[in-house]
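Residue numbers (the numbering used here), protein chains in the order written: chain A, 8 to 139; chain B, 21 to 250; chain C, 156 to 819. By construction, the Cβ of each residue, glycine as well, lies at the ideal position given by its N, Cα and C atoms.
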Amino acid sequence: MHLAYPAVLAALLFCTGLYGVLARRNAILVLMSVELMLNAVNLNLVAFDVWLSRTTRDTLHSGQALTLFTIAIAAAEIGIGLAIVLAVYRNRGTSDIDKLRDTAEGHETDGPDSDALAAEQAGRAGKTEATA
Amino acid sequence: MTLSAAEHGFLSPTGVEIAFLLVGLVTFGAALVTVTTRQLVHAALWLVVTLGGLAVEYLLLTAEFIAWVQVLIYVGSVVVLLLFGLMLTKAPIGRSPDADSGNRWAALTVAVAAAAALVWVVVDAFRTTWVDLDGPASGSTAVTGASLFQNWVLPFEALSVLLLAALVGAIVLSRKAKAESSSPPVNSRAVTGGSPSVPDSRNHPIGGQAPAGQSKSAVQQSPAEQEGAR
Amino acid sequence: MTTTTLAVLVPLLPFLGAVAGLLLGRTTPGFVRPLAVVPTLAALVLAVLVAADQGGGRAVDAATELTPTGSVPIELSLHLDGFAALVAVLVGVVATCVQIYSTGYLRDDPRYPSYAALVSLFTSAMLLVVYSGDLIVLLVGWEIMGICSYFLVGHYWETPEARAASIKAFLVTKLGDVPFLIGLFALATETGSFRITKVLGAVAHGGLGHPTVIALLLLAGVAGKSAQFPLHSWLPDAMAGPTPVSALIHAATMVAAGVYFVARLLPVFEASRAAMVVLAVMAAVTMLGSGLAALAQDDIKRVLAYSTIGQLGYMTGALAVGERGAAVFHLLTHGAFKALLFLAAGVVIHAAGTNSLAAMSRVSNLRDRVPDAFWTMTVALLALAAIPPFSGFFSKESVLGAAEHVVTGHTEHVPAASGWITLVAGLLTALLTAAYATRLWLLAFHGRGAEAPDHGRQPLTMTVVLWVLAVPSLALGGFTFRLLPDWFDGHDLTPTLTTSVVGTGLALAGVIVTYAAWRHTTALAARVPLGAVAAHPEGDAGLVEAEAIASHAPAYGGVAHAPDPADPGRLLLGPLHRHAAVGFHLDAVYATLFVRPVQAGASLVRFLDREVVETYVRGAGALPRLLGAAVRRAQTGNVQTYVSALLAGTVVLAVAVLLVATGA
Numbered sequence: 008m009h010l011a012y013p014a015v016l017a018a019l020l021f022c023t024g025l026y027g028v029l030a031r032r033n034a035i036l037v038l039m040s041v042e043l044m045l046n047a048v049n050l051n052l053v054a055f056d057v058w059l060s061r062t063t064r065d066t067l068h069s070g071q072a073l074t075l076f077t078i079a080i081a082a083a084e085i086g087i088g089l090a091i092v093l094a095v096y097r098n099r100g101t102s103d104i105d106k107l108r109d110t111a112e113g114h115e116t117d118g119p120d121s122d123a124l125a126a127e128q129a130g131r132a133g134k135t136e137a138t139a
Numbered sequence: 021m022t023l024s025a026a027e028h029g030f031l032s033p034t035g036v037e038i039a040f041l042l043v044g045l046v047t048f049g050a051a052l053v054t055v056t057t058r059q060l061v062h063a064a065l066w067l068v069v070t071l072g073g074l075a076v077e078y079l080l081l082t083a084e085f086i087a088w089v090q091v092l093i094y095v096g097s098v099v100v101l102l103l104f105g106l107m108l109t110k111a112p113i114g115r116s117p118d119a120d121s122g123n124r125w126a127a128l129t130v131a132v133a134a135a136a137a138l139v140w141v142v143v144d145a146f147r148t149t150w151v152d153l154d155g156p157a158s159g160s161t162a163v164t165g166a167s168l169f170q171n172w173v174l175p176f177e178a179l180s181v182l183l184l185a186a187l188v189g190a191i192v193l194s195r196k197a198k199a200e201s202s203s204p205p206v207n208s209r210a211v212t213g214g215s216p217s218v219p220d221s222r223n224h225p226i227g228g229q230a231p232a233g234q235s236k237s238a239v240q241q242s243p244a245e246q247e248g249a250r
Numbered sequence: 156m157t158t159t160t161l162a163v164l165v166p167l168l169p170f171l172g173a174v175a176g177l178l179l180g181r182t183t184p185g186f187v188r189p190l191a192v193v194p195t196l197a198a199l200v201l202a203v204l205v206a207a208d209q210g211g212g213r214a215v216d217a218a219t220e221l222t223p224t225g226s227v228p229i230e231l232s233l234h235l236d237g238f239a240a241l242v243a244v245l246v247g248v249v250a251t252c253v254q255i256y257s258t259g260y261l262r263d264d265p266r267y268p269s270y271a272a273l274v275s276l277f278t279s280a281m282l283l284v285v286y287s288g289d290l291i292v293l294l295v296g297w298e299i300m301g302i303c304s305y306f307l308v309g310h311y312w313e314t315p316e317a318r319a320a321s322i323k324a325f326l327v328t329k330l331g332d333v334p335f336l337i338g339l340f341a342l343a344t345e346t347g348s349f350r351i352t353k354v355l356g357a358v359a360h361g362g363l364g365h366p367t368v369i370a371l372l373l374l375a376g377v378a379g380k381s382a383q384f385p386l387h388s389w390l391p392d393a394m395a396g397p398t399p400v401s402a403l404i405h406a407a408t409m410v411a412a413g414v415y416f417v418a419r420l421l422p423v424f425e426a427s428r429a430a431m432v433v434l435a436v437m438a439a440v441t442m443l444g445s446g447l448a449a450l451a452q453d454d455i456k457r458v459l460a461y462s463t464i465g466q467l468g469y470m471t472g473a474l475a476v477g478e479r480g481a482a483v484f485h486l487l488t489h490g491a492f493k494a495l496l497f498l499a500a501g502v503v504i505h506a507a508g509t510n511s512l513a514a515m516s517r518v519s520n521l522r523d524r525v526p527d528a529f530w531t532m533t534v535a536l537l538a539l540a541a542i543p544p545f546s547g548f549f550s551k552e553s554v555l556g557a558a559e560h561v562v563t564g565h566t567e568h569v570p571a572a573s574g575w576i577t578l579v580a581g582l583l584t585a586l587l588t589a590a591y592a593t594r595l596w597l598l599a600f601h602g603r604g605a606e607a608p609d610h611g612r613q614p615l616t617m618t619v620v621l622w623v624l625a626v627p628s629l630a631l632g633g634f635t636f637r638l639l640p641d642w643f644d645g646h647d648l649t650p651t652l653t654t655s656v657v658g659t660g661l662a663l664a665g666v667i668v669t670y671a672a673w674r675h676t677t678a679l680a681a682r683v684p685l686g687a688v689a690a691h692p693e694g695d696a697g698l699v700e701a702e703a704i705a706s707h708a709p710a711y712g713g714v715a716h717a718p719d720p721a722d723p724g725r726l727l728l729g730p731l732h733r734h735a736a737v738g739f740h741l742d743a744v745y746a747t748l749f750v751r752p753v754q755a756g757a758s759l760v761r762f763l764d765r766e767v768v769e770t771y772v773r774g775a776g777a778l779p780r781l782l783g784a785a786v787r788r789a790q791t792g793n794v795q796t797y798v799s800a801l802l803a804g805t806v807v808l809a810v811a812v813l814l815v816a817t818g819a
């Protein structure tokens, strides 16, 4: 089999995921797109591992091992990422990425409000701890 | 290899190549739908198709162990997690008109440019490279296991530590968010109104189930209580 | 100990005393008075020993070069001739008297420790100037005196007069010091050395290329330090300082330094006839102007200040006729009686509670309150007026005699013009000096009116010093004019008959005219009540004087004069009185010539800075601000935009690298 087939497919999948990361509004959809990119990389790793193990008698199988590691890391990443998205959603009431603009310049109406909210919550938490 | 590559043109594909090409088309199409559909749950389901297609591609590349791991972890758990996430964030069911942000055209430009550059480079580099898939499978469970536990033991164990850390981190993140979000100040008065067991709440550490309102009432009552203690 | 060792110790002891006083003054107040008096006294004793060792014989020279300093070497050197030995003794006597007097005068002053230390430092600097054989080392002492005078004149810095006076003293003397420094460098460049002996040797062999330029440059510094016209205006204002400081500055240090310096380098000046004439004109203008101004002053200390300027004019005149022996002779006698005058004036101000002669003339019995001051001041005023046989007579006659020698053609290396100028101005000044001395004496001690308040006896430290200084005022001239030529250049200092008769006659005429005028005007005094006394007459003398200085301008309308019709000076001067009282408007001229242009320049610079330079600065800031605003628009807070830009850049870079790598 031509190595170009899996390589081109991996490139196309990667760019699809790239588009999703850049264009999707919902944070969970962004996470899905990240998964797509990771899988594109995995496909590349597997294809080149197969090619190398056949041509150079390589018994290390580093590509496949790395693929397994990537899958494990992707699982961890999706867990942490979802936890963060959930926390953001509970704090802000939304998981839309383009509404989370605290770092924006000149958006004072957003910043102080959320800051005040957070300060209020922190103050309340501190009070409960003090009394507890 | 170059000799063998010269024998195999793109215009006379083998059976494996045809199968790979067809499954690849399905996979790519499903990926495109995943990143463009307006229905969020459908996006997750199309992702299943994409990941499954990739598993088939792994099989075609004789990496069978990875293919099954792909099915188990991605299709089995990751997508389920994603669906849970969608539900917990109250993602709208049905078509949502604002699934794409205003950044779409910039994203499209960047993605197409990146794709063009990558495909050009990859084709230019590997158009004559031939992978011989005959012979024993290079990615069978036995081979992969042997390589993993002979050469990759230490990274494997390190990875398990990383997974543990991710597990703990995810729990901490979710738990803290829960503690902060589960303190509705509206019904605090209703909860504290004349409840005889309220002073006891001072002896318990504030956990997830201890509303802030209760401790607030404890603040109000504590002076009288201290008087009584004297 | 050798003479050299003794001579090194003389300036060193007061310096160490000053350092110790400054260090210990705050922590151990008990040591302050011994630390002030003892080193100065020891320096006096050593100076006397040095003078005895030197004995007017050959000059003692000692030099050591600490480190090579380039083309013109600077050496730590001593040059002890008769002039240096005697002037050092004078400095020691006056400084010791001033230190002892100050212990009583500033009895309760909280800043006495720093004051005493500065006086010691001042003394040390003057002794350094006197003994130094190297011009740069001399300059060091010269400049230390400048800064010490700034601090000491500003001792009562709570009063605006003292602050202004100290700054004025510093600036005016520095104005002279800049050309002085240039002149020193020019002198050393032309003669190849800073050593006075080598400089004089080079001058004697005609090694000086531009004597007039150098002499005039040096003369500017001398005029600033010795308060000669036109840089004299700081000296009357310096009366805002404590009286002992005035005594020190006027009698022995500071102003004497300029005259002493010219005396040392007289051959340099003699090399240029133009410089000698300039010196003579300067002396004549200074003498006459100060004599007239002294007649119009109301502040007793300002009268004495102008008299100092006038007597310094005599010394400059003596130098202008090439007779440095007479100049230093007058410097010695003047040092004695001027110190006495100032210290006695301090006692009088303390007793009267005012520094105004107009107010004193309305108080009777002042002389009975301060008999020591009255008698010693009478002696000193007689010496000032050059009445024989007081010391001032002999020294002044030696100056006039030297001028007469020049006029009659006995001295060929001095232009006759300077002889004539000095002689005429000196004789006229003798008249004026006698007049203002008489006026001072009559107004201060022969007032009529209410009884002077009795504040008890003056401290012993203040009165004893007066009698100590009265001895040289009385007898220094008469006993030494035959001995001094051995110490000096050997020229005869005996008074000549003609000038003696004319000078004494003019002085007596001045006395009589002033007395007549006073008899004529004194009846008016009762009709115009006038006077203001210090608020705390029971305080120490320094406090009383500070209050008197501070209250003079509000009470009498000016620091210099009072609207007193009973003043004989007003009658004598006529329409000139108004101008003489303000020092012939020299300060106004300076204000027009220098202060206003500088202020206008400053406002111009301010305008340029505010409007021109700052515009460029603001313009330079505008572009970054615009760019910043543009960049700020990119900070939308949308993470996806950021990542898009990042990845677009990555793609562009990757493609560029590929193109370069493939050689396309």
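In three-state DSSP terms, what is residue i?
i: tryptophan 389 of chain C; result: helix
i: glutamate 313 of chain C; result: coil
i: threonine 160 of chain C; result: helix
i: glutamate 298 of chain C; result: helix
i: serine 519 of chain C; result: strand
i: glutamate 230 of chain C; result: coil
Under 9 Å, Cβ to Cβ, is there at least one residue of chain B near residue i?
i: leucine 107 of chain A; result: no
Could you confirm whether any beta carbon from chain A is found closer than 9 Å to the beta carbon of residue i?
i: tryptophan 172 of chain B; result: yes
i: glutamate 177 of chain B; result: no
i: leucine 813 of chain C; result: no
i: leucine 808 of chain C; result: no
i: arginine 124 of chain B; result: yes
Just checking: is the beta-carbon of residue i within a distance shorter than 9 Å of some beta-carbon in chain C?
i: valine 57 of chain A; result: no
i: valine 28 of chain A; result: yes
i: alanine 111 of chain A; result: yes
i: valine 130 of chain B; result: yes
i: serine 32 of chain B; result: no
i: alanine 127 of chain B; result: yes
Quick test of your reading: residue i and residue j, contact by CB under 8 Å. State the CB separation rounded to the nearest angstrom.
i: alanine 134 of chain B; j: valine 806 of chain C; result: 5 Å
i: leucine 355 of chain C; j: leucine 294 of chain C; result: The Cβ separation is near 17 Å, so there is no contact.
i: alanine 243 of chain C; j: leucine 282 of chain C; result: 6 Å
i: isoleucine 504 of chain C; j: threonine 398 of chain C; result: 7 Å
i: leucine 43 of chain A; j: threonine 23 of chain A; result: 6 Å
i: leucine 374 of chain C; j: valine 433 of chain C; result: 7 Å
i: proline 194 of chain C; j: proline 169 of chain C; result: 5 Å
Check the DSSP bridge columns for residue i and list the partner residues they point to.
i: glutamine 59 of chain B; result: B:Arg115
i: serine 553 of chain C; result: For serine 553 of chain C, which the question treats as bridged, DSSP gives no partner whatsoever.
i: tryptophan 150 of chain B; result: A:His9
Chain E beta carbons: is any one of them nearer than 9 Å to that of residue i?
i: threonine 23 of chain A; result: Within the model displayed, chain E is absent; protein chains A, B and C are what it includes.
**OP:** Taking only beta carbons into account, state which residues of the region 134-168 of chain B come closer than 8 Å to chain C, listed in chain order.
**Re:** Ala134, Ala137 and Val141
**OP:** Please list the residues of the region 72-99 of chain A that have a C-beta atom closer than 8 Å to any C-beta atom in chain B, keeping them in chain order.
**Re:** Those would be Ala72, Thr74, Leu75, Phe76, Ile78, Ala79, Ile80, Ala81, Ala82, Ala83, Glu84, Ile85, Gly86, Ile87, Leu89, Ala90, Ile91, Val92, Leu93, Ala94, Tyr96, Arg97 and Asn98, in chain order.
**OP:** For the region 781-798 of chain C, enumerate the residues whose C-beta is nearer than 7 Å to any C-beta of chain A, in chain order.
**Re:** Within the region 781-798 of chain C, the residues whose Cβ lies closer than 7 Å to some Cβ of chain A are Arg787, Gln790, Thr791, Gly792, Asn793, Val794, Gln795 and Val798, listed in chain order.
Original post:
Which residues, in chain order, does the region 753-779 of chain C contribute to contact with chain B at a C-beta distance below 7 Å?
Top reply: none
Original post:
In chain order, what residues of the region 93-110 of chain B put their CB closer than 9 Å to some CB of chain C?
Top reply: none
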